[in-house]
Structure formats: C-alpha cells, structure tokens
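Residues 4 to 276 in our numbering are what the sequence shown lists, from first letter to last. Quick reminder that beta carbons are idealized off the backbone N, C-alpha and C, glycines included. In what follows, a single structure is set out as structure tokens and then discussed.
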Amino acid sequence: MQVVNHLLRDDAGTAPGPANSPNHGSVLSQPTLLVMHFTAGRSFESSVSWLSDPAAKASAHLVIGRDGRIAQLVPFNRVAWHAGQSSWMGRNGCNSFSIGIELDNAGELQRQGGEWRAWFGAVIPAAEVMEAEHKHGGGVTGWHCYTEPQIEAAMKAGLAILGAYSSIADIVGHEDIAPHRKRDPGPAFPMASFKARLLGRGGGDTAPAFRTTSALNVRSGPGLNFAPVAGSPLPTGTAVDVDAENGVWRHVRATLADGNTLVGWAHGGYLTS
Ligand SMILES: [Zn+2]
C-alpha cells in the first residue's frame, strides 16, 4: 500500500476511493497527527454512506471494514471532519492538522438479558466482545472487538500514510483529543502495539516492553476459546515482552514471581507500553 497524489493505492495500484465525500474543509498541509476512531455504526457500507452524506457534517479520510476493506472518503490533503471539538498538545481543532481513520465497530456495548447489544440493538456474539473498563473510567463494560484483517489493514494504511507524510509525529485515539465526550477507539483497540509498529518504537529485533493494565489471562492460543496457561492470570502492572501478534492478540513472555517463564497469547487491549 502507498499514497499517490494524496490517495491510498493498494498493492495492485487501485485506489479504494471514491474520495468524494462533500464533508471536508480546505487544504490540509503538514498533518502532524493520526487519529483513530470507531464508527459505532451498523456496517462498513452504512458508515461509508453516512460519512458521505452532507447531512452528517462528518467524515474521515478512511473507513476500514471488519473484513479489511478500505474506503477513502476524503483525499489526505483536505481537512476531513472527524475530530470535532478537540485539542492535542495545546492546539485546538485537531481536524486542521490530522488524518482520521474510522474502523467499522459497534463500539461500547450494553448488557441486556445475558447478551451484549450495540446501541442500535444488534446482538454482538460473545466471541466478538471484550470486557474492560475504559481508561477514562465508567466501570467494566463490553466493547466490540476489532478483527485481525481490520487491524492489519489499518496498520498497512497507517504505514503508507506515515511514509507519505513525515510531518506526522504521533498517533492518538479520538478519546485522547476529546476526552470528556469521546470513548473511541476504546480498550479493544491495540493502541500500544499499533503505535510501536507504526512509529517504530522499540524497533529492530528488540521486543517492545509492555505492562498489563489489569489482571490478564494468558492463553495457549490467540482467542478466547483457548485455555489460560499455568501462571495465568498475570497481575496488573506485570512487565511482558511481545514477540508476535495475531489480530488483537499478542504473543507474550513474562517472568513470574517464582522465576518461571510464562509464554502464551494475551489480548492486546490490556497491554500498554
Ligand atoms: Zn471518533
């Protein structure tokens, strides 16, 4: 993937366009920030359609589907309307200096009669739900998990964008630039490893060091269906090395209090760098 004339191109050279949302401002030059969002929408198609509708008065540069599909709605050299009232490092109005990526995801979920439901009523299968407290608080609740192809597509698109716009120095969530009103992309998004991979922190062969943000089950495989390994759960704040990833799952290694080494898979949403 690469950026040509401010449009993303896939490896076959095809632009995922149509890059014709009317919801954009004037020239975006020297973007310094990449902002990640969830759509809290029903589907990739519905989000692309809504963010291209003048009534929405909102947009993003890219929307990424759960199957890894990408739509570009606004060229990268135009201001997209994704951040709203926001500020970062003392600068207000982040739209004017950022590129925004929306990920198709139902967002924060509500427990109803033993099921997790999106705000629009759909039941989200338990296998696609992560229970966690948002870093801004509010108690433990359900969050729609991102998919492996979606995170991979976001990583590739992000690398292409950072390759084209060297002025981008940081990656944040909408929740970081509008903390009083936004909770996306939420705890299910693997921000620590996403940033580490895109910004090259801990690069080369050195495994980035992470810490657990809650008591964390480490499993024999990358999924909730795999059993926790001996020594699991790791206590909050345990240092772990990450040497591989599979979607939102991270292959971790940690030294236990008894000196033994624990190796297995943990959900990246519970790790911070
Ligand atoms: Zn957002």
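Exercise. Between E136 and P190, what straight-line distance do the alpha-carbon atoms span, to the nearest angstrom?
Worked result: 7 angstroms
For this session: Check whether the Cβ of D179 sits closer than 6 angstroms to any heavy atom of ligand 1, and report yes or no.
Result: no
Exercise. Is D246 near ligand 1, in the sense that its beta carbon is under 6 angstroms from a heavy atom of that ligand?
Worked result: no
Exercise. Count the other CB atoms within 10 Å of the CB of R186; is the residue buried (16 or more) or exposed (fewer)?
Worked result: Its Cβ being crowded by 16 or more others within 10 Å, R186 is buried.
For this session: Can you grab the Cα-Cα spacing for the pair G250 / K60, in whole Å?
Result: 32 angstroms
For this session: Just the C-alpha distance for I174 and G224, rounded to the nearest angstrom, thanks.
Result: So the alpha carbons of these two residues sit roughly 29 angstroms apart.
Exercise. What do you reckon, is the C-beta of D187 under 6 angstroms from a heavy atom of ligand 1?
Worked result: yes
Exercise. In three-state terms, what does DSSP make of N23?
Worked result: coil
Problem set entry | Distance between T241 and P25 (C-alpha atoms, nearest Å) | 47 angstroms
For this session: Please go through the same chain and pick out, in chain order, the residues whose beta-carbon is closer than 8 angstroms to the beta-carbon of D14, but skip the five residues on each side of it.
Result: M4
Problem set entry | Close-in-space but distant-in-sequence residues of the same chain around S62 (CB under 7 angstroms, 5 per side omitted) | Closer than 7 angstroms at the Cβ level, and outside the excluded window around S62, lie S24, N26, H27, L54, L76, V77, A83, W84 and H85.
Exercise. Using a threshold of 6 angstroms, is the CB atom of H183 nearer than that to any non-hydrogen atom of ligand 1?
Worked result: no
Problem set entry | Nearest-angstrom Cα separation, counted from G234 out to L65 | 41 angstroms
Exercise. Would the C-beta of H9 count as close to ligand 1, meaning under 6 angstroms from any of its heavy atoms?
Worked result: The answer is no for H9.
For this session: Evaluate M92 with the Cβ neighbour count: other Cβ atoms within 10 Å of its Cβ, from every protein chain shown; 16 or more gives buried, anything less gives exposed.
Result: exposed
Problem set entry | Other residues of its chain near G207: CB distance less than 8 angstroms, five sequence neighbours each side excluded | With a pLDDT of only 42 at G207, under 50, the local geometry of the prediction cannot be trusted, and the value read off the model is given with reservation. Around G207: no qualifying Cβ.
For this session: Taking only the alpha-carbon atoms, compute the straight-line gap between T144 and H9 and give it to the nearest angstrom.
Result: 38 angstroms
Problem set entry | the segment 213 to 229 touching the segment 115 to 127, judged by at least three CB pairs closer than 8 angstroms | No, because fewer than three Cβ pairs between the segment 213 to 229 and the segment 115 to 127 fall closer than 8 angstroms, the two stretches do not touch.
Exercise. By how many angstroms is the C-alpha of H139 removed from the C-alpha of M194?
Worked result: 15 angstroms
Exercise. Distance, Cα to Cα, S90 vs P231?
Worked result: Rounded to the nearest whole angstrom, the CA to CA distance from S90 to P231 is 41 angstroms.
Exercise. Do you know offhand how far E111's Cα is from W146's?
Worked result: 5 angstroms
Exercise. Of the residues E178, S169 and A181, which one's Cα is nearest the Cα of L201?
Worked result: S169
Problem set entry | Contact belief for P21 with I73 at Cβ below 8 angstroms, rounded distance in angstroms | 12 angstroms between Cβ atoms; not a contact.
Exercise. DSSP on Q153, reduced to helix/strand/coil?
Worked result: helix
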